Structures are given as structure tokens and as C-alpha cells.
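The structure under discussion appears below in the form of C-alpha cells.
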Amino acid sequence: DWVSRLSPYLHFGQLGPREVVAACQGQDVDAESFLRELGWREFASHLLYHFRHTSDEPLDQRFADFPWRDDAGQLRAWQRGRTGVPMVDAGMRQLWHTGWMHNRVRMVVGSFLVKDLMIPWQAGADWFWQTLVDADVANNTMGWQWTAGSGPDAAPYFRIFNPTLQSRKFDPDGTYIRTWVPELAALPNRYLHEPASAPAAELERAKLVLGKDYPLPMVNHAQARHQAMAAYTALK
Numbered sequence: 076d077w078v079s080r081l082s083p084y085l086h087f088g089q090l091g092p093r094e095v096v097a098a099c100q101g102q103d104v105d106a107e108s109f110l111r112e113l114g115w116r117e118f119a120s121h122l123l124y125h126f127r128h129t130s131d132e133p134l135d136q137r138f139a140d141f142p143w144r145d146d147a148g149q150l151r152a153w154q155r156g157r158t159g160v161p162m163v164d165a166g167m168r169q170l171w172h173t174g175w176m177h178n179r180v181r182m183v184v185g186s187f188l189v190k191d192l193m194i195p196w197q198a199g200a201d202w203f204w205q206t207l208v209d210a211d212v213a214n215n216t217m218g219w220q221w222t223a224g225s226g227p228d229a230a231p232y233f234r235i236f237n238p239t240l241q242s243r244k245f246d247p248d249g250t251y252i253r254t255w256v257p258e259l260a261a262l263p264n265r266y267l268h269e270p271a272s273a274p275a276a277e278l279e280r281a282k283l284v285l286g287k288d289y290p291l292p293m294v295n296h297a298q299a300r301h302q303a304m305a306a307y308t309a310l311k
């Protein structure tokens, strides 16, 4: 997907939203989706101004009692890009090295943290705040609350990204994964998105030992989804 990469400039005040809107007017391009995202950015600032507690508390107070898990080891593996899930690991490594990540990947890694691992969204928001070059309290907060389901117009609780399907759809040739997870580069595309499914012969050809050169998946997505759905259904 095409992205503007204007977020750092907007955050640090080098550009204003009105300037961006004015620049889009009269252009021979369909900027509707882009301007809608800009509107969401401004709405996030409005929301934080009027509900200041939402920087670290859920807007939807039902989530104050959500059964989040406190697992420092899993959080650290997510931060380091060592989850055993290639799309998640690629995104987290790109974030650490560049301070940036495509919005699609942000949604995937966010969903994995709060719904597969059931680690509080605040932990993810804090890490993004420390590492993103475009880190913005309002947008960061609303993005994570949207992912967790506790924010305004939040993602439906049953929307749980399958990171393997997302990987196959948006990185079909594996360019992104091979760039940021080079230890998987020799795997054929068929197994690149889910190395644990590769036969022993393919792993040997790729000179890859799972659990040593690259971690085994830290969770089974289907099982994690079932557990998250049960917790969200009880909350709703």
C-alpha cells in the first residue's frame, strides 16, 4: 500500500494538517482515503484533550477488568522480533532499526500482542512511544486502543489478525520478510511465512534449525484466537 511518510513531519510541526489538505485540493489524484486518515489523526488529538486518562487507561471502562497477562518474557520476545512468526518479527525488527513501520504491519504486530499473547495494550503503546520516529501520544494511544477494542469505534472484538495469512497476502514473494528476517531467506516462499510447517528436508536445505537459528512460534494462533475470543465474549 502507498503511504505518505508525512507522520514525523506532522508530529514535529514541520507540516500542519491544513497545509496537507490544501496541497491535496485540485490534484489529479483520489486523496479521499488519505484525507480520512488525516482526519482520524486530528480526532485522536481531540479525544485525548477531552479524555486525558485514555493515554494509559481504556476509554471503555469494561476493559479495566480484562484478564490481561503479565509475561515479561513474551513481551521481550515481541519487542526483539523473536516470536517465531515471520511477519511480526520482520515488523518489530524494522521498527527497532528504522523507527518506522507500515500501518498494515503495525496492526498485525499490535493484534498479535494484545490478542494472541493477551498482553496489555499499554505495554505495546509504551514500546511504540520509545521506538517510533513519528511517536505521538494521541495517535499512538488511539491506535492501540482501537486494536485492543477499548477505544472509540474500535476494531470488533472478533477481528483478530492471522499473521500468516496477512503475510501471504501482503508479502507474497517474501521480500519484506527476507529483508528483516534474513535467517529465513533460503526458505522457499511456500514455507517462508510459516517456517514450522516446512519439512525437515527443506529446513536442512535452508541450513535452518528451528529453535536455534530462528525461534519456534511462541503461540499457536488458532488456540490463542480461541482464548482471546472467550475473554472478549465474556467482557461483551
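Quick note, my numbering runs 75 ahead of the 1-based positions in the sequence shown. The beta carbon of each residue, even a glycine, is placed where N, CA and C say it ideally should be. The structure displayed is predicted, hence computed values, not measured ones.
Which of helix, strand or coil DSSP assigns to residue i
i      : result
LEU267 : helix
TYR232 : coil
LEU122 : helix
LEU310 : helix
LEU285 : strand
ASP140 : helix
PRO238 : helix
TRP175 : coil
PHE109 : helix
ASP146 : coil
MET217 : helix
Spatial neighbours of residue i in its chain, beta-carbon cut-off 8 Å, leaving aside the 5 residues before and after
i      : result
THR206 : LEU170, TRP171 and GLY174
TRP204 : ALA210, VAL212 and ASN215
GLN102 : none
Beta-carbon contacts of residue i that lie in its chain and below 7 Å, excluding the five residues immediately before and after
i      : result
ARG265 : none
THR129 : LEU122, LEU123, THR216 and GLN220
LEU134 : PHE126, GLN220, SER225, GLY226 and PRO227
PRO231 : none
Buried/exposed call for residue i, threshold 16 Cβ in 10 Å
i      : result
LEU291 : exposed
THR216 : buried
HIS301 : exposed
ASP138 : Checking the sequence shown, residue 138 turns out to be Phe, not Asp. It counts as buried.
THR233 : Note that residue 233 is Phe in the sequence shown here, rather than Thr. Flag for PHE233 reads exposed.
VAL163 : buried
GLN241 : buried
Neighbourhood of residue i by C-beta distance below 6 Å, restricted to the same chain and skipping five residues each side
i      : result
ALA223 : VAL189 and TRP196
PRO83  : VAL208 and ASP209
THR239 : HIS268 and GLU269
LEU192 : GLN149
CA-to-CA distance, residue j to residue i, given in whole angstroms
i      : j      : result
ARG157 : MET304 : 25 Å
THR254 : ALA260 : 8 Å
ARG93  : HIS86  : 14 Å
LEU113 : MET167 : 24 Å
ARG181 : GLN89  : 24 Å
GLN154 : ASP146 : 12 Å
PHE109 : MET176 : 17 Å
GLY258 : PHE141 : Per the sequence presented here, residue 258 reads as Glu, with Gly not at that position. Using only the alpha carbons, I get a separation of about 37 Å.
Would you call the stretch 232-248 in contact with the stretch 114-125, where contact means no fewer than 3 C-beta pairs closer than 8 Å?
no
The stretch 119-136 contacting the stretch 225-237, beta-carbon criterion three pairs below 8 Å:
yes
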